[in-house]
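When we follow the working numbering, the leftmost residue of the sequence shown carries the number 32, and every step to the right adds one. Even for Gly, the Cβ is constructed at its ideal location relative to N, Cα and C. Heads up: the structure comes next, in C-alpha cells.
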Amino acid sequence: MLVNLYPYRHNVSLVRDSGIQFLDFGVTPVDNASRGCFVRKTANGPLLRLAWDDARQKFTLPAHDGDAPEVVEPENRAALSQSLSLLHGEWLPLPVLRVSARRRFAQGPCNWARFQIRKLAEPDETGHTHRLTLALDTRIMPDEEGAELLAPVESDITFGTRFALAWHDDELADFIDQAWVDGWLRESFSAAADERESRSLGEIQQALKKFEYQAHWLNLLELFGRELAIPELRIVETHAQASAIPVDLVLDVGNTHTCGILIEDHGIGESGLCHTAELRVRSPDAPQYVSPSFFSSRLTFARADFGRRFYSVESGRDDAFIWPSLARTGDEASWLAAQRHASIGACSLSSPRRYLWDCAPALRPWRFSKSGASAQAEAIAQPLMMLMNDEGVPLAELPEVERLPVFCAQYSRSALMTQLLCELLAQALSQINSVDNRLNMGQPDVPRQLRTLILTLPTGMPIRERNIFRQRMEEATGMVWRAMGWHPDDAAPSRRVPLPVVEAEWDEASCGQMFWLYNEIQQNYAGRADSLFRALARAGSGGDRPALRIASIDIGGGTTDMAVTEYSLQEDDSRSARITPRLLFREGFRVAGDDILLDVIRHCVLPALSNWLRRCGVREVDSLMNYLAGDAAQPESGEMLRRQMTLQYFIPLGNAILASWERCRPDDRLSGLDRLAGEMLTQPLSADLCDEVAKRVQPALPDDAAPFDLMAVPVQVNFTELQQAMLERRFAIAGPLHALCEAVSFYDCDVVLLTGRPISLPGVQALLRYLQPVPVNRMVMMNDYPVHEWYPFNGHPKSTAAVGAMLFSLSQSLRLPGFLFQPSGIQTYSTIRYLGVLDGQNRLMDENIWYRDIDLDNPGTKLDGEKMFAIRGNVRLGFRQLDNERWPATPLYTLAIVDPTLTAAIASQGPLYVRLALRQNAGRDGEAFMLGEARLAGGENVSPDRLSLTLNTLSDSRGNVSDYWIDSGSLIKK
C-alpha cells in the first residue's frame, strides 16, 4: 500500500542520529517543450539548464549579478517523460545543502540526501501519477577543520543550520562537478538505457559524451524545485535524554504473520491509548510503499544500499546510509523469494519463529535474493557482518579469542530470528522519529526513544523456546545499537542511547482476553466492571462480587492456544474495583492455520493438478507429482523448483480457496468454486518457474500435445464437502479443537473467546458449534467483534494479541484511566507433565511415556535416576500436559545416534538403554534436559558424545524431517 502523504510545513525538523528518514511527495509531471534544453558550460561539462524567453522566442542562459541573459542554441534536449522513465525507481544523489535566509547556498554537505521517483501503476487518491521519496541520513559527523563536508556536523545543530534543495545552475555547480556524483549518474543512466530502452553500447557511449545522463537528472531536479514545496530542514538534538518521549514497542511475531504497536508516553495524566501507531514496514528499495499493519513473517535476505554504494564510498564516506539489517520481511520478502532465479543456495525462510530450536549452522550458505550477477552472493554485508560470526552469533556474546566476523553465511535458523528482529527494530527506529509520525503524534520537535520491547508469546511455547526468543530480541537490540553507534559499551558519550528493556511475559490467549475485557467494560458497560461481571458470571459464583471465568481459543498460523482465567473484583481503600486474574489452565498445540491451508491444498489443489495431468495424457502421474510436491530425492535445483511451486502456485491457490470459503454462506449447501488456476492467482507465475515445470512435464506428454500450462488447471471445490471433512476430523486442526473444547467444558466457563483468522471459516465455526463447550450465545467470534475508535487496527483478528499486550503494559503503568487491573495473577508455568517417545502421528501413548508427573516449576525437581529406556534408533521425544492418551502431544527433542559404530553395535547386540537428567540450571534456562546415561544391552557404558539430544519442536512427524512444509515444498501426505 502507498505511504500516506502529509502537508509539510515550510520547514521541518529531523532528529539527529535517528537513522534514515524519509519525506514523501505526490507529483503529476507534465512535459513542457520549453524545458529540458541544455548547453555545456565547457567542453568537459557540466550541463547548464536553458530558460525560454517568451519575448524573444529564444532560449537563453540565465545571467547572474545583474548581467543580461545570453541567447544560445540548445546542444541537448531531454523530455521530462523520458527522464522519468529512465530513472524510474533509481536511488540518486540529491543536493540538499546549507542555505542562508536569502537562499544563498554554501558548499555541502554533499552525501546525506538521496531521492527516488517512481511511477504508480494507477494514480493515487489525489490523482498523482508519481511518488517522490527523499531519504536523509541523520548521522551527525564531528567538526573537523579542513575536512570535506559530506554530512551535517555538530555545529550545524548548535547554530540551527538550515538545509534546502539546490536545483538552479549556480546552486549546483560544485555538487555536480564531483567525480563520485558524475560517476553515479553515468552508471545509472547507462544501465537504464540498456535495460529499458535497449540501446546499443555505441549509442550509450555517444549519449555519455553529450552528457545526456546529467540532462535527465537536472530535469528531475527542476521538476522538484518548480512543482513541489520541498521544505527546508533543520536537525534537532537528542542528548538531553530526559526530554525525549519514551516509546514502547509491542511485537506479535507469529509463524505466519506479524504486527506491532508503538506506544508513546507523553507524561502523567495522558491516556496511553491517545498516542499509539501501528508498526509499518517500509521497503528500502521501493520506499513509496509500506506493508499493511498485519504483514507476513517471511524473512528474505536482501541488501539495502540506497543506490550505488561504490560511488558513495568514493566520496570519502563509507558509513552513509547504513541500514542495520540484512533482510526484508512482509510482502516484499514474499515477492523477493518468489522472484529468486538462482538454483543454488536458499535466500528465504517462511518464519524464523518456527525454527527457534535450531541453533545448528546451515549446511549451505544463505544468499541474497537479488537477480542478476549478484544472485549467488552470500548474505554478507556491512554493518552486521562485523558484529556476528558465521553462525549468526553476536561477537559481543563470545570470548575475545573467538570474535571472528562473518566469512561464510551459515547462520543457524534460530539466528535468523535475530535478523528478523533487527529488521523490525530498524523499521521501528526510523518510524518513531520520522517527520510524519512526530507531526501526527504531537510535539513534533521532541525526539523519541525506544524504552521497552514487549513480545507476545504462544501460550504453549516451552519455556526453553521462550528464553531463546527473549535472547534473540536482546541480541538484535545489541547489534542494531552497535551498528548505529549508540551502544553504551562502545559509543562516545555524546552518542550513547540507553538499550530498551525486553519484556516477554504475556501469552497470546491471555492478551485476547485482556482486549475483550477492556473493550466490554469501557465501551459496552460504561466503565462498570461489576455490571459486566453480574451480567455474565455463572450462577452461584461469588455473591456480591461474582467471579468471571473466561476461556480463549486462539487459532494462529502455527499454533493453537488456549487459556482459562478466572477474574474477580477486589476493592481497595479508595473504593475502586480492581480486576484480579487467576490463570487456571493454559495449553498450546502446534497445529493451526497453516495446517488448515495444507489440508485444503491436499484435499483440493493437488488432486486438481493430478487429474489435469492425467487428462493431458501424462504418463506416471504419481511420480511426476512426487517430484513437484512430494519428497522425492533430487538435486538442489529440483528442491528449488519444489519450493517455488509451493510459494507461487500451491499456497496462493490454497489461500484463494480459503478466502472463498470464508465468504460463503454457511447455509448454502451448493456453494463452491469452479475456476481455472490462472483466474484464482493474483500474481503471475515467474517465467523461470513456468520454464522449469515445462521441462519436467512436456517430455511426459504425448508427442502431439499442446504446451503444458499450469494456469489452465481447473479447480473445483465443494465447500459443503470441506465442512463435512472438518466435522469428520479429516482436518488436522479438528483433534486439538476437540481437546480444547473438552477442557473448556471441564472448567465450566462463562464465556469463550474465539480469535484468529481461521475462526472465520464456516467449517471451523460449524465444528465449534457442534462441540459447543458453552452455549452458542456465549461464544464470541472475535473476527467480527465490534470495536471502537480507540482500537489501533482495523478489526483484524490477528491483532488482538498485540492490542492485549499493549493493554497489559499500559495497565501496569496506570495509563488506562478508569481501568484497574492487576496482572500478577497470570504467571507462566511449564506444561511438561508427561515426557516420552512420540509415534508416527505425534501421539504420546501411555506405553511410551518415560517420565510422569514432572514439575519443572519446582527448583528441586529431579528425574528418576534409575530407570532406563530402550531405543533402537533415532526417536522424537515429546510431552503432554494431561494424563490422557487422547490429549495431543507436542514435540520437544530429537534423540539421535551420531556414531555409526554405535548403530552397528545396536543392530548386533540389541537396544540401547538411556535415561535423561535435568541440568542444574534448568530453573533458569527452562526445560533443560540432558542425557544422563547410556549403555548397551550387554552392559557396556556409552559416552554421551556418541548421541545427541537436541531441541526440535517442529510438528512434522516424518522421521528426520527438519523443514516445515512451506519451506521444503513437500506437500504429499505419506
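With 16 as the cutoff for other CB atoms within 10 Å, does residue i come out buried or exposed?
| i | result |
| --- | --- |
| LYS726 | exposed |
| MET545 | buried |
| ASN471 | exposed |
| HIS161 | buried |
| THR591 | buried |
| LYS401 | buried |
| SER855 | exposed |
| GLN147 | buried |
| HIS95 | exposed |
| VAL807 | exposed |
| SER1 | Any question about residue 1 goes unanswered here, given that the chain covers just 32 to 1005. |
| SER605 | Only weak support is given to the placement of SER605: the predicted model assigns it a pLDDT of 48, under 50, and the question is left unresolved by the model. |
| LEU115 | buried |
| GLU506 | buried |
| THR41 | First, the amino acid is wrong: residue 41 is His here, not Thr. HIS41 is exposed by the Cβ-count criterion. |
| ASN915 | exposed |
| PRO436 | exposed |
| HIS288 | buried |
Would you call the CB atoms of residue i and residue j closer than 9 angstroms?
| i | j | result |
| --- | --- | --- |
| ASP283 | ALA836 | yes |
| VAL46 | THR169 | yes |
| ALA582 | VAL595 | yes |
| TRP881 | LEU869 | no |
| THR508 | SER840 | no |
| THR639 | ALA708 | It is Ala, not Thr, that sits at residue 639 in the sequence shown. For ALA639 and ALA708, yes; Cβs fall inside 9 angstroms. |
| VAL267 | ARG193 | no |
| ILE764 | ILE632 | no |
| ARG864 | GLN796 | no |
| TYR995 | ALA965 | no |
| GLY423 | ARG398 | no |
| ILE586 | LEU785 | yes |
| GLU618 | MET656 | no |
| ARG580 | ARG569 | yes |
| ILE584 | LEU768 | yes |
| LEU33 | LEU196 | no |
Run through the DSSP bridge pairs and tell me what residue i is partnered with.
| i | result |
| --- | --- |
| PHE194 | ARG129, LEU264 |
| CYS68 | ARG108 |
| ILE610 | LEU600, PHE852 |
| ILE928 | LEU978 |
| LEU429 | LEU429 is not bridged to any residue. |
| GLN88 | Bridge partners of GLN88: none, in fact. |
| MET961 | ALA948 |
| ASN42 | GLU263 |
What distance in whole Å lies between the Cβ atoms of residue j and residue i, which are believed to be in contact at a cut-off of 8 angstroms?
| i | j | result |
| --- | --- | --- |
| PHE616 | TYR778 | 6 angstroms |
| ILE276 | ARG479 | 5 angstroms |
| GLN450 | LEU357 | 6 angstroms |
| SER302 | ASP362 | About 33 angstroms separates the two Cβ atoms, so there is no contact after all. |
| LEU293 | THR307 | 7 angstroms |
| MET419 | MET510 | 7 angstroms |
| PHE56 | ALA166 | 13 angstroms between Cβ atoms; not a contact. |
| SER465 | GLN52 | 6 angstroms |
| PRO823 | VAL811 | About 20 angstroms separates the two Cβ atoms, so there is no contact after all. |
| CYS635 | VAL748 | 5 angstroms |
| SER382 | SER328 | 4 angstroms |
| VAL312 | GLN458 | 5 angstroms |
| ASN873 | GLY909 | 7 angstroms |
| GLY787 | LEU753 | With a Cβ gap of about 18 angstroms, GLY787 and LEU753 do not count as contacting. |
Notebook entry, point to check: What residue ranges within the stretch 283-369 form continuous alpha helix (DSSP H) runs of no fewer than 4 residues, ordered along the chain?
Noted result: 340-345, 362-369
Item checked: Inside the stretch 659-697 only - beta strand (DSSP E) runs reaching at least 3 residues -> none
Next item on the list: Pick out the complete alpha helix (DSSP H) segments inside the stretch 451-520, 4 residues or longer, and give them in chain order.
Entry: 466-472, 494-515
Next item on the list: Could I get the ranges of all uninterrupted alpha helix (DSSP H) runs contained in the stretch 525-605, with 4 residues as the minimum, in chain order?
Entry: 539-550, 560-567
Note to self: Restricting to runs no shorter than 3 residues, where is the beta strand (DSSP E) found entirely within the stretch 766-817?
What the structure shows: 782-786, 810-812
Checklist line | alpha helix (DSSP H) runs contained entirely in the stretch 727-772, provided each spans 4 or more residues | finding: 750-758
Notebook entry, point to check: What beta strand (DSSP E) runs, 3 residues minimum, are completely inside the stretch 883-952?
Noted result: 900-902, 906-911, 921-928, 943-949
Next item on the list: Run through the stretch 187-262 for me and flag every whole beta strand (DSSP E) of 3 or more residues, listed as ranges in chain order.
Entry: 193-196
Next item on the list: Note down, one range per segment and in chain order, each beta strand (DSSP E) of at least 3 residues found wholly within the stretch 125-181.
Entry: 127-130, 144-150, 161-168
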